[in-house]
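Data block below; observations after.
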Amino acid sequence: MSFDILLGISIIVFLAGLFIRLSSWLSQSIDPENNTIPLGTRFSKAVSGIFSTVFSADIIKIVQSFFVDFILQKRILDKSLYRWITHALIFISFILLLFFHAFGTFTFNLFGSEYISTLNPSLALRNVLGILALAGVILAIYRRMKLRSQRLTSYSSDWGALAFIAVIMLSGFFLEGARISSYTIYQEMVEEYGDYDGEEAVALEAYWVAANGLHSPNFATAPDGELVELGRELNQDGSCVECHASNSSAFVSFSFSKIIGPLSAAIGDTTITAIFWFLHIGACLAFLAWLPFSKMFHIISAPISLAINRVMGKSSDDPVNALNRQMIGLSACTHCGSCTMECSSMMFYESFQNDFILPSEKVQFLKKIAAGKDVDQQTLKRLQKGLYVCTSCDRCTDICPSGINLRDLFINSRYLLLEKGMIETSMLSHFSFPLALAQKYAGSHLKALKAVHEVFKSKFKSLPSFMGQISLSKNKLLDNTSYNSCYSCQRCTNICPVVRNYENPAEALGMMPHQIIFSLGIGNTDLALGSQMIWSCSTCYLCQEHCPNKVELTDIFYRLKNIAINKIEAGDN
Amino acid sequence: MKFAFFQGCNIPVRIEQYAKSTQAVFKKFGVDLVEVRDFNCCGYPVRNVDEKAYILPSVRNMAVAEKLGMDIIVICNCCFASLMKAKNIIENDSQLKEELNLILAKEDLKYNGTAAIKHYLTVLYSDIGINTIAKNLVYKVKDLNVAVIQGCHVLRPREVTRFDNSFVPSITDSLVTCTGAANLEWQGKLECCGAALAGINDKLSHELLTDKVDGAKKAGANFITPICSYCHLQFDTTQRNITPDNQEILPVLLYPQLLGLCLGISSEELGIQENSTISSKNVESLKLSLGPPVEEKKKRKRKKKENV
Chain A
1 MSFDILLGIS
11 IIVFLAGLFI
21 RLSSWLSQSI
31 DPENNTIPLG
41 TRFSKAVSGI
51 FSTVFSADII
61 KIVQSFFVDF
71 ILQKRILDKS
81 LYRWITHALI
91 FISFILLLFF
101 HAFGTFTFNL
111 FGSEYISTLN
121 PSLALRNVLG
131 ILALAGVILA
141 IYRRMKLRSQ
151 RLTSYSSDWG
161 ALAFIAVIML
171 SGFFLEGARI
181 SSYTIYQEMV
191 EEYGDYDGEE
201 AVALEAYWVA
211 ANGLHSPNFA
221 TAPDGELVEL
231 GRELNQDGSC
241 VECHASNSSA
251 FVSFSFSKII
261 GPLSAAIGDT
271 TITAIFWFLH
281 IGACLAFLAW
291 LPFSKMFHII
301 SAPISLAINR
311 VMGKSSDDPV
321 NALNRQMIGL
331 SACTHCGSCT
341 MECSSMMFYE
351 SFQNDFILPS
361 EKVQFLKKIA
371 AGKDVDQQTL
381 KRLQKGLYVC
391 TSCDRCTDIC
401 PSGINLRDLF
411 INSRYLLLEK
421 GMIETSMLSH
431 FSFPLALAQK
441 YAGSHLKALK
451 AVHEVFKSKF
461 KSLPSFMGQI
471 SLSKNKLLDN
481 TSYNSCYSCQ
491 RCTNICPVVR
501 NYENPAEALG
511 MMPHQIIFSL
521 GIGNTDLALG
531 SQMIWSCSTC
541 YLCQEHCPNK
551 VELTDIFYRL
561 KNIAINKIEA
571 GDN
Chain B
574 MKFAFFQGCN
584 IPVRIEQYAK
594 STQAVFKKFG
604 VDLVEVRDFN
614 CCGYPVRNVD
624 EKAYILPSVR
634 NMAVAEKLGM
644 DIIVICNCCF
654 ASLMKAKNII
664 ENDSQLKEEL
674 NLILAKEDLK
684 YNGTAAIKHY
694 LTVLYSDIGI
704 NTIAKNLVYK
714 VKDLNVAVIQ
724 GCHVLRPREV
734 TRFDNSFVPS
744 ITDSLVTCTG
754 AANLEWQGKL
764 ECCGAALAGI
774 NDKLSHELLT
784 DKVDGAKKAG
794 ANFITPICSY
804 CHLQFDTTQR
814 NITPDNQEIL
824 PVLLYPQLLG
834 LCLGISSEEL
844 GIQENSTISS
854 KNVESLKLSL
864 GPPVEEKKKR
874 KRKKKENV
């Protein structure tokens, strides 16, 4: 009875969680432009998308995805055999245990036979599968520890998921071990199925003590060999063997029973059995209830995400379903860290120590953004930087074992945050290049870029607005002092393709290259930092190459840009 | 010969045909270009932001190649310059070297400086050699005007890149002319494509690009041949984005694609059609311009004479 109540509760929690997660696919969003697509539109688009896929040639892709992505898990196999083995051990064992143990009665009925848990193959299979799943857990733990040096981060939720599986398997072994050694259960069995008395009963018991792991109070020492042999014959000839294979088939639980036996003698075998029963059943039911609220939800969302990935490819034509897909993807992340391990920007993480540069960490946080949770300004700013320090190499998207379209997710989040008006100095880097090529959210990009330029204008002096006396001083900011050799021949300015591009370069650029070098020469770095020229430099190095006095102009401009960005970041607005 | 093939971030996802055609060409000469999944970004994108952050990724890449015991071959100019710059700086700054090695040590990597960095044109020109290339030509192109845009970061600063004479470069020219193509002298050949300003100052970036496209067209170019992956994207993607419908687009042909055709590699294998500015008409005319190499003609004539 208590089992039914516990099962009922966990199923209710599971269904409620499932409902919450599924509805988030259609209600949550990360979208800089269409923040308020009504639920109805998203639902109908999703349904029509499913219909148009199912009733078209694309259905083949879904079937393909089921076998290749879901059953075979090819995306994991392509990247790492180790990970594939780890995942397969856990995944396959778990599924088989679910069907042939938890739903055993149902599954065996399906094949027209009866599920008898005490007969082989069930008796042995449970143990084999349990051990395989535990091996998978150990491999997974080892991977997470070993790859820490390669920036793979693990949360308590990651360890928790592994621990959960381990507890389910181990408690199962202990429960079975307790039942094997339990004298009470033995007595019940004999009462129900056997008809022995006197010497026969003693012989049978001796045999079960000797061969089947029974812990009987009647046998403090090992039973006599002849007695055991008689018991064995009784066991073979009688009804026992029809329904109960040798407990040694359950090789793990059988050895556990040796430990539990003495324990139950002390505490009482029914108590021990009950404790492990509650532990095992409790862990299984808690797992069920916890599933939709954890990364284990990927059991449901990842196959769907993978199928969508196969049908839609990397680009999504329909913006509404593109959004739906992103939200499904967000719920399919297992924090496995595959993306982070191969992220092109991994060394930028080492330099800037911003977790959000790593794709796997971005995703965890984007879940909060999608859910519309309040996030403090400082964290948002770090997230925005992390989103921008990305080379757009698409490696994360190509590698994700759950088929999440991380690229689109990151593009959308990047512009969603930029739309909030926080200054992003990284926009002035070449991370902007692929964004300019893709021309997505071009309006938002320009707006945010303009805001950055405004900040620079207000922070540094420019030549036209410069008033007062210029005094000579020593420059302390630049380590490159080649500007000292300048003799103002203006070769740099004359050869500059950017200067040549403007009819009135002074107006467009603030200062010409030779003027910047001159201002550095007299110790006025601030003027140089405020010049539009450094941000308009095409870095073609013509000036530096042609300078007769080896002034390293382009390198100096790079340094000035570094300093300017640093100053803005330090004196945060 | 075997190299660790450094493709950078743009090529694998946006210019796959550059890697594909280069690999196909090098295979003809028995050079194996090994893809290394452990390579990361060269650091170039962050150069405006922080110098040290710019150096570190390249130092790691060199350490990865060292561990594999291979030299690095690069096709992107900006990646090439970043690797060379990092090598240059770290070789002259033992303190920085130690500091960055400390970061690398976490993943059991160490930079010693034993891996050489080579631009693929250098390998073609010096390691394989123009003569060997010429001997292996199955075709030569005729009446084909090619405007090369060299790309800034492979030439300059010369002290760092050590690629070619930065004022009067000749390596690329010799490699182009050996295919029989007319290598145009044109304004803009050694200048900037505007890529470094894309997304930062798009207007200026586009003006610099248009200036080059117009210059090459004016010189009579049938194709533009960018060496750098950034230049390629400017000409092959941005040009299409900004050119009005009524104006003609200058098609892009990568150097390994040109050489590959002359080596008898199919246009499909070279991914010529994957260049978004190239039309099937362009490909047809390109194929039509393929003729027998001169040397073979002479041989045939000699044979004929012998037969007579």
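Going down the list, the sequences are from chains A and B.
Here my numbering is used: the first residue of the first sequence is 1, the next is one more, and so on.
Here my numbering is used: the first residue of the second sequence is 574, the next is one more, and so on.
Every residue gets a Cβ at the ideal spot worked out from N, C-alpha and C, and that includes glycine.
From a predicted model like this one, the values you see are computed outputs, not experimental measurements.
Minimum C-alpha distance to residue i - residue among the options
{"i": "M296(A)", "options": "E205(A), F251(A), D237(A), F94(A)", "result": "F94(A)"}
{"i": "T36(A)", "options": "L553(A), S2(A), V252(A), L323(A)", "result": "L323(A)"}
{"i": "F612(B)", "options": "I646(B), L717(B), G788(B)", "result": "I646(B)"}
{"i": "L358(A)", "options": "G225(A), L134(A), S338(A)", "result": "S338(A)"}
{"i": "Q384(A)", "options": "C393(A), I404(A), K367(A), K420(A)", "result": "K420(A)"}
{"i": "A307(A)", "options": "S56(A), F66(A), E552(A), V13(A)", "result": "F66(A)"}
{"i": "S667(B)", "options": "F653(B), A654(B), G686(B)", "result": "G686(B)"}
{"i": "I495(A)", "options": "C543(A), D408(A), K459(A)", "result": "C543(A)"}
{"i": "L656(B)", "options": "A720(B), T734(B), S699(B), L748(B)", "result": "T734(B)"}
{"i": "I9(A)", "options": "N218(A), C284(A), I369(A)", "result": "C284(A)"}
{"i": "M327(A)", "options": "S255(A), S413(A), N235(A), S392(A)", "result": "S413(A)"}
{"i": "F576(B)", "options": "A771(B), K776(B), A688(B)", "result": "A688(B)"}
{"i": "G104(A)", "options": "L89(A), L409(A), W84(A), R126(A)", "result": "R126(A)"}
{"i": "I588(B)", "options": "S839(B), C649(B), K708(B), I722(B)", "result": "C649(B)"}
{"i": "K762(B)", "options": "A771(B), L781(B), L770(B), L777(B)", "result": "L781(B)"}
{"i": "S248(A)", "options": "L123(A), V63(A), D224(A), A57(A)", "result": "L123(A)"}
Reduced DSSP category for residue i - H, G, I as helix; E, B as strand; rest coil
{"i": "A250(A)", "result": "coil"}
{"i": "V733(B)", "result": "helix"}
{"i": "E608(B)", "result": "strand"}
{"i": "G225(A)", "result": "helix"}
{"i": "G864(B)", "result": "strand"}
{"i": "N504(A)", "result": "coil"}
{"i": "Y487(A)", "result": "coil"}
{"i": "C543(A)", "result": "helix"}
{"i": "N578(A)", "result": "Nothing can be reported for residue 578(A): it is not among the residues displayed for chain A, which extend from 1 to 573."}
{"i": "H215(A)", "result": "coil"}
{"i": "I522(A)", "result": "coil"}
{"i": "N573(A)", "result": "Residue placement at N573(A) is flagged as unreliable, the pLDDT there being 42, under the threshold of 50; a coordinate-derived value is accordingly withheld."}
{"i": "A771(B)", "result": "coil"}
{"i": "V68(A)", "result": "helix"}
According to DSSP, residues forming a beta bridge with residue i
{"i": "V825(B)", "result": "I797(B)"}
{"i": "F579(B)", "result": "V647(B)"}
{"i": "H692(B)", "result": "V647(B)"}
{"i": "V719(B)", "result": "N756(B), F796(B)"}
{"i": "K713(B)", "result": "G864(B)"}
Spatial distance of residue i from residue j (CA atoms)
{"i": "D818(B)", "j": "A564(A)", "result": "40 Å"}
{"i": "M189(A)", "j": "A161(A)", "result": "37 Å"}
{"i": "L520(A)", "j": "S149(A)", "result": "43 Å"}
{"i": "L834(B)", "j": "L697(B)", "result": "16 Å"}
{"i": "L669(B)", "j": "L279(A)", "result": "56 Å"}
{"i": "F356(A)", "j": "N549(A)", "result": "44 Å"}
{"i": "M347(A)", "j": "A626(B)", "result": "8 Å"}
{"i": "T184(A)", "j": "F43(A)", "result": "57 Å"}
{"i": "V856(B)", "j": "V825(B)", "result": "11 Å"}
{"i": "L863(B)", "j": "F808(B)", "result": "24 Å"}
{"i": "S465(A)", "j": "G510(A)", "result": "10 Å"}
{"i": "N218(A)", "j": "V202(A)", "result": "9 Å"}
{"i": "F579(B)", "j": "K791(B)", "result": "35 Å"}
{"i": "F736(B)", "j": "K459(A)", "result": "40 Å"}
{"i": "D572(A)", "j": "E424(A)", "result": "Low local confidence applies: a pLDDT of 48 at D572(A) is under 50, so the model's placement there is unreliable, with the coordinate-based value given in what follows. If I take the Cα positions, the gap works out to 11 Å."}
{"i": "F164(A)", "j": "A57(A)", "result": "41 Å"}
Under 7 Å from the C-beta of residue i: neighbouring residues of chain C
{"i": "Y617(B)", "result": "Of the protein chains in this structure, namely A and B, none is chain C."}
Integer-rounded CB distance, given that residue j should sit under 8 Å from residue i
{"i": "L728(B)", "j": "S739(B)", "result": "4 Å"}
{"i": "C333(A)", "j": "V363(A)", "result": "5 Å"}
{"i": "G177(A)", "j": "S246(A)", "result": "Incorrect: roughly 15 Å between the Cβ atoms, too far for contact."}
{"i": "F352(A)", "j": "V389(A)", "result": "7 Å"}
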